[in-house]
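Numbering (this note's numbering), first residue to last: 137 to 591.
Glycine included, each C-beta is placed from N, C-alpha and C at the ideal position.
In this text, all values refer to a predicted model and were calculated from it rather than measured experimentally.
Shown next, in structure tokens, is the structure this report addresses.
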Ligand code: SF4
């Protein structure tokens with residue numbers, strides 16, 4: 137892949153507005169409190185899917201990274217997680233009764249910091265999952281880890297209890313950047329963890345990077361990129377720092393004058409994309425990179441990529457079942473979300489054995505638009521006749537308004553629309569969230585400043 141194909145700085149700047157990341161459609165802003173546990177149970181019974189992906193949210197972190205926009209609880213008290221595990225395991229054992237005929241293809245522990253849990257807590261959790269669910273032979277079991285509080289034998293333990301995918305938060309290796317974001321960590325240890333994971337047979341290691349952080353300059357960021365490339369991991373995620381201090385108070389610690397401006401941020405992103413493509417990685421979707429033999433790269437080639445709350449995935453027709461505080465599920469034609477505050481999550485489980493707080497049941501229009509947005513986000517094209525056959529509509533008349541709002545992209549030669557398909561050009565790939573907004577039936581009534589800028 138040639139990185140030049142992804143860049144037209146003027147057009148990127150022109151369309152660099154706020155917009156959703158479309159890990160779901162409608163987005164979580166449309167979830168409402170008239171959605172109840174009974175709606176979720178009905179969705180399980182009517183969903184055609186029997187494959188399952190499990191997401192488990194571990195909210196605790198040892199310290200606060202100032203850039204963070206995740207749902208987390210910073211604490212110095214490891215014992216806090218004992219109560220949490222009690223409730224989490226209670227939620228799992230209640231919920232699993234509905235999924236006796238399902239096969240679990242994927243398990244992912246996200247956070248917060250899942251590696252906040254002790255080895256014993258993780259072993260217990262895995263034992264509960266293995267007892268209550270049928271796991272496929274080739275089940276993917278992944279975990280996000282924070283390299284600041286780990287020893288290598290923790291990685292061995294993960295492998296011993298079945299984990300085969302690792303995701304490590306690197307963000308940036310520069311000392312000044314790390315100090316500003318309050319995340320000082322050893323690059324040497326990260327390297328050791330990667331080597332150890334490879335040695336003991338983890339199927340895949342992913343490193344997370346962020347561009348747009350305080351004090352990042354092309355020279356400094358290049359050192360981070362060099363180091364990451366040298367580690368030779370299968371996957372890299374490259375996220376844009378979303379500075380939304382009005383929503384995330386810790387971000388107020390990051391002074392405006394420390395942050396790269398829009399043009400500098402664009403330069404950092406361009407540099408990263410160039411370096412990763414030169415190193416032989418394939419660009420997956422808008423913010424992931426994978427080695428050409430990685431399943432994500434192969435799925436992208438076959439136009440079989442999918443997207444859920446964990447990002448891009450190869451698992452089609454898989455319902456997503458979330459456990460833990462704030463966890464989101466996507467079962468059949470519903471999304472649901474657990475209570476976001478720990479006290480509410482505990483109280484709901486005490487009172488009713490479930491923690492569903494809100495959600496949305498998709499109507500037919502949501503399903504049609506959701507399908508089109510997912511095709512664009514994952515495969516950068518939409519086959520009109522596929523949508524017509526699936527939903528018994530005439531594409532051009534159903535999407536008259538959307539096609540009109542897509543016209544500026546067509547005029548700027550970023551998107552091609554003909555009688556058969558919509559095709560997003562490579563140079564518009566980084567604007568895909570913006571392009572999807574043309575098909576979003578809710579966006580006009582939302583305050584889009586609540587979303588991050590697309591770059
Ligand atoms: S970035 Fe990760 S480790 Fe840091 S505060 Fe956020 S969730 Fe916790």
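Between residue 273 and residue 221, which are expected to be in contact by the criterion C-beta below 8 Å, what is the C-beta distance as a whole number of angstroms? 28 Å between Cβ atoms; not a contact.
What do you reckon, is the C-beta of residue 248 under 7 Å from a heavy atom of ligand 1?
Indeed, a heavy atom of ligand 1 lies less than 7 Å from the Cβ.
* To do: Compute the distance between the beta-carbons of residue 485 and residue 223, then report whether it is under 8 Å.
  => Cβ atoms of residue 485 and residue 223: closer than 8 Å.
> When the Cβ atoms of the stretch 263–282 are set against those of the stretch 223–243, are three or more pairs found closer than 8 Å?
Replying inline: Yes: the two stretches touch, three or more of their Cβ pairs being nearer than 8 Å.
Are there three or more Cβ pairs, one per stretch, closer than 8 Å when the stretch 498–513 is compared with the stretch 161–177? The stretch 498–513 is in contact with the stretch 161–177.
- Output the distance between the C-alpha atoms of residue 343 and residue 323, rounded to the nearest integer angstrom. Near 12 Å, if we compare the C-alpha coordinates of residue 323 and residue 343.
Worksheet item: Between residue 253 and ligand 1, is the CB less than 7 Å from at least one heavy atom?
Response: No, the beta carbon of residue 253 sits no closer than 7 Å to any heavy atom of ligand 1.
Query raised in the report: Would you say residue 169 and residue 398 are within 8 Å of each other, going by their C-beta atoms?
Result: No. Outside cutoff.
Checklist entry - Any chance the CB of residue 245 is under 7 Å from a heavy atom of ligand 1? => result Outside the cutoff, so no.
- prompt: Taking three-plus beta-carbon pairs below 8 Å as touching, is the stretch 528–541 in contact with the stretch 485–499?
  reply: Under the Cβ criterion (8 Å, minimum of three pairs), the stretch 528–541 does not count as touching the stretch 485–499.
Can the beta-carbon of residue 563 be found less than 8 Å from the beta-carbon of residue 219? No, Cβ-Cβ distance for residue 563 and residue 219 is not below 8 Å.
**Prompt:** Quick one: what does DSSP say residue 514 is sitting in, helix, strand or coil?
**Reply:** In the structure shown, residue 514 sits in a helix (DSSP, three-state: H, G or I).
*Would you list, in sequence order, the uninterrupted beta strand (DSSP E) runs of no fewer than 3 residues that lie entirely inside the stretch 252–309?*
For the stretch 252–309, whole beta strand (DSSP E) runs of length 3 or above, ordered along the chain, are 270–281, 301–307.
Under the three-state DSSP convention, the category residue 461 falls into: Three-state result, residue 461: coil.
Practice prompt. With DSSP as the reference, label residue 219 as helix, strand or coil.
Written response: In the three-state reduction of the DSSP assignment, residue 219 falls in the helix class, which pools H, G and I.
Q | Cut-off 8 Å between Cβ atoms - residues of its own chain near residue 358, not counting five sequence neighbours on either side | A | In the same chain as residue 358, and ignoring 5 residues on each side of it, the C-beta atoms closer than 8 Å to its own belong to 407, 411, in chain order.
Going by beta-carbon coordinates alone, are residue 187 and residue 239 separated by less than 8 Å? Contact: yes.
- Which value, in whole angstroms, describes the spacing of the CA atoms of residue 377 and residue 201? Going by the C-alpha atoms only, they are around 12 Å apart.
Rounded to a whole number of angstroms, what is the C-alpha to C-alpha distance between residue 417 and residue 434?
Going by the C-alpha atoms only, they are around 12 Å apart.
Report buried or exposed for residue 212, applying the criterion of at least 16 other Cβ atoms within 10 angstroms of its Cβ. Sixteen is the threshold: since fewer than 16 other Cβ atoms of the shown chains lie within 10 Å of the Cβ of residue 212, the residue is exposed.
| request: Give a yes or no on contact between the stretch 441–451 and the stretch 359–372, applying the rule of three or more CB pairs nearer than 8 Å. | output: As far as the Cβ criterion goes, the stretch 441–451 does not touch the stretch 359–372, which means the pair count is below three.
TODO: Starting from the N-terminal side, write out each stretch of the beta strand (DSSP E) that is 3 residues or longer and does not extend beyond the stretch 369–440.
DONE: You should have 371–376, 418–420, 424–426.
Helix, strand or coil for residue 204, going by three-state DSSP, please let me know.
-> DSSP places residue 204 in the coil class of the three-state scheme, outside both helix and strand.
**OP:** Measure the alpha-carbon distance for residue 559 versus residue 552 and round it to whole angstroms.
**Re:** Using only the alpha carbons, I get a separation of about 5 Å.
Quick check: is any heavy atom of ligand 1 less than 7 Å from the C-beta of residue 305?
Correct: residue 305 has its Cβ closer than 7 Å to ligand 1.
How would you label residue 311, buried or exposed, when you count the other beta carbons within 10 angstroms and need 16 or more for buried?
Exposure of residue 311 is indicated by the presence of fewer than 16 other C-beta atoms within 10 angstroms of its C-beta.
Please state the DSSP three-state secondary structure of residue 446.
In the structure shown, residue 446 adopts coil according to DSSP, grouped into three states.
Use the C-beta contact count for residue 429: other C-beta atoms within 10 angstroms, 16 or more gives buried, fewer gives exposed. Here residue 429 is exposed, its C-beta having fewer than 16 other C-beta atoms within 10 Å.
On the DSSP bridge list, what partners appear for residue 242? Residue 242 is bridged to 189, 276.
What's the call for residue 589, buried or exposed, on a 16-neighbour Cβ count within 10 Å? Counting the other CB atoms within 10 Å of its CB gives residue 589 a total of 16 or more, which places it among the buried residues.
Beta-carbon separation of residue 464 and residue 179 under 8 Å?
Here residue 464 is not near residue 179, since their CB atoms are 8 Å or more apart.
Option in 198, 254, 174, 208 with minimal Cα separation from residue 476 = That would be 208, whose Cα lies nearest to the Cα of residue 476.
Starting from residue 497, trace the beta strand (DSSP E) in both directions and tell me its first and last residue. Unbroken beta strand (DSSP E) run through residue 497: 492–497.
Below 7 Å, is the gap between the Cβ of residue 208 and the nearest heavy atom of ligand 1?
Ligand 1 approaches residue 208 closely enough that one of its heavy atoms is under 7 Å from the residue's Cβ.
Next item on the list: Compute every distance between the C-beta of residue 200 and the non-hydrogen atoms of ligand 1, then say whether any falls below 7 Å.
Entry: Answer for residue 200: yes, Cβ within range of ligand 1.
- Item | Length at least 3, wholly inside the stretch 308–337: the beta strand (DSSP E) runs in chain order | Segments of the beta strand (DSSP E) lying fully in the stretch 308–337: there are none.
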